[in-house]
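The structure appears below as structure tokens.
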């Protein structure tokens, strides 16, 4: 008989589960995979993949590991947590904001030719 263990988790543990799911989703997006494709590779339904990425702590470790293996076959769980994957680094660089701030009047005067 299955029991719901969610009430037994602390709020911190629930946040950690959500963070793990978000890291998996980010890795999948960095690798440019559709959720349905990653789920099919892992032998999971798309709805299960969505639950994993949402950080549902009821998903099994085996499901998480299969999903990770489907997205990045040689990446370990520790590598995922450390965000050492080159695709994640490339995504972070692309997402970095490159806003130009407005110049102050004195800076504008100094640049006026």
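Residue numbers (my numbering): 5 to 117.
In this text, a Cβ means the ideal position worked out from N, Cα and C, and glycines have one as well.
All values reported here derive from a predicted model rather than from experimental measurement.
Among the options, which residue has its Cα nearest to the Cα of residue i?
| i | options | result |
| --- | --- | --- |
| residue 96 | 27, 23 and 44 | 27 |
| residue 9 | 63, 29, 55 and 56 | 63 |
| residue 70 | 87, 55, 48 and 82 | 48 |
Leaving out the 5 sequence neighbours to the left and right, which residues in its chain are closer than 7 Å to residue i when beta-carbon positions are compared?
| i | result |
| --- | --- |
| residue 50 | 39, 40 and 43 |
| residue 13 | 61 |
| residue 72 | 28, 79, 81 and 84 |
Using the C-alpha atoms, what's the distance from residue j back to residue i?
| i | j | result |
| --- | --- | --- |
| residue 74 | residue 58 | 17 Å |
| residue 45 | residue 99 | 27 Å |
| residue 16 | residue 23 | 10 Å |
| residue 18 | residue 80 | 22 Å |
| residue 29 | residue 111 | 43 Å |
| residue 65 | residue 101 | 35 Å |
| residue 116 | residue 56 | 56 Å |
| residue 84 | residue 68 | 12 Å |
| residue 105 | residue 52 | 43 Å |
Between the beta-carbon of residue i and the beta-carbon of residue j, is there less than 7 Å?
| i | j | result |
| --- | --- | --- |
| residue 21 | residue 61 | yes |
Three or more C-beta pairs below 8 Å linking the region 31-38 and the region 79-91: Counting Cβ pairs under 8 Å, three or more are found: they touch.
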